[in-house]
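Trainee: So the sequence shown is residues 10 to 172, counted in our numbering.
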Amino acid sequence: MNILLTLLNEKLQDLLHAETEITESKTETLLTYANPYGGKPLQVLYRPGEDFKVTLNKTPRYYQQDSTKRLLADVAGYAEGKTVSLDCTDHNGTESRSDRVVNAADLEGIDLDALIALAVRVSLLDSVELKDLLASGGTVNAHFWNAKKDFRYRQIGDRLEKI
Numbered sequence: 010m011n012i013l014l015t016l017l018n019e020k021l022q023d024l025l026h027a028e029t030e031i032t033e034s035k036t037e038t039l040l041t042y043a044n045p046y047g048g049k050p051l052q053v054l055y056r057p058g059e060d061f062k063v064t065l066n067k068t069p070r071y072y073q074q075d076s077t078k079r080l081l082a083d084v085a086g087y088a089e090g091k092t093v094s095l096d097c098t099d100h101n102g103t104e105s106r107s108d109r110v111v112n113a114a115d116l117e118g119i120d121l122d123a124l125i126a127l128a129v130r131v132s133l134l135d136s137v138e139l140k141d142l143l144a145s146g147g148t149v150n151a152h153f154w155n156a157k158k159d160f161r162y163r164q165i166g167d168r169l170e171k172i
């Protein structure tokens, strides 16, 4: 591991309170941070000359190597519970393949219309898809780094219920 990756790894370990599993090959290094709260691990993929690829839950995010400040700030927000990974599950229990990161504060006191607007704004689903998903018994799921804080939204009649 080069010095940049070594320093980044140390900072991420501190932020996440997690140990790192390091997998190295000739072309890339994968840092996997086991989630001490039982949730999904966080992964950082490093390839020389390419952006860092960071996966909080499902969908990777990319960060330039010459500026790790934003990467560290985003991971800190996730570790502190200020941001969450939002995804969907249909009535059969099938999870969506992608997720979106949103501010946890955007989910506080939210109603059905506001959840639909948020999902559209972050391109999780369009309004018709989300309305159909919720009406058929599906859920919108909020995943924190600390999985004990995770919750779901489901539609009961015309109202949104947080479970």
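Don't be surprised by glycine CBs; every beta carbon is placed ideally from N, CA and C. Just so we're clear, the structure is a prediction, and the values are computed from it rather than from any experiment.
How about Ser107: is its Cβ closer than 7 Å to a heavy atom in the ligand NAD?
Mentor: Judged by which ligands are present, the structure shown has none, so any question about the ligand NAD falls away.
Trainee: Note down the Cα distance separating Leu51 from Asn150, rounded to an integer number of angstroms.
Mentor: Your numbering for residue 51 matches position 42 in the sequence shown. Your numbering for residue 150 matches position 141 in the sequence shown. The straight-line gap from Cα to Cα measures roughly 18 Å.
Trainee: Are the CB atoms of Leu133 and Val84 within a distance shorter than 8 Å?
Mentor: Position 75 of the sequence shown, counting from 1, holds the residue named residue 84. Position 124 of the sequence shown, counting from 1, holds the residue named residue 133. Cβ distance not < 8 Å, so Val84 and Leu133 don't count as in contact.
Trainee: Anyone know if the C-beta pair for Leu95 and Asp108 falls short of 8 Å?
Mentor: The sequence position of residue 95 within the sequence shown is 86, counting from 1. The sequence position of residue 108 within the sequence shown is 99, counting from 1. Contact flag set, yes.
Trainee: In the DSSP assignment, find the alpha helix (DSSP H) that holds Thr148 and state where it starts and stops.
Mentor: Mapped onto the sequence shown, residue 148 falls at position 139. Looking at the DSSP string, Thr148 is not in any alpha helix (DSSP H); the run it does join, the beta strand (DSSP E), is 148-152.
Trainee: Can you name the start and end residues of the beta strand (DSSP E) that Val93 belongs to?
Mentor: For the purposes of this step, residue 93 is taken as residue 84 along the sequence shown, with counting starting at 1. Element bounds for Val93: 92-98.
Trainee: Just to confirm the assignment, what range does the beta strand (DSSP E) spanning Asn18 have?
Mentor: Within the sequence shown, residue 18 is the residue found at index 9, counting from 1. DSSP places Asn18 in no beta strand (DSSP E) but in the uninterrupted alpha helix (DSSP H) bounded by 12-25.
Trainee: Here's the rule I'm using: 16 or more other beta-carbon atoms within 10 Å means buried, otherwise exposed. How should Asn66 be labelled?
Mentor: Here the question's residue 66 lines up with position 57 in the sequence shown. With 16 or more neighbouring CB atoms inside 10 Å of its own CB, Asn66 falls in the buried class.
Trainee: With distances taken from CA atoms, which of Phe153, Gly147, Asn155 is nearest Tyr162?
Mentor: Reading the sequence shown from its first residue, position 153 is the one you call residue 162. Of the listed residues, the one whose Cα sits closest to Tyr162 is Gly147.
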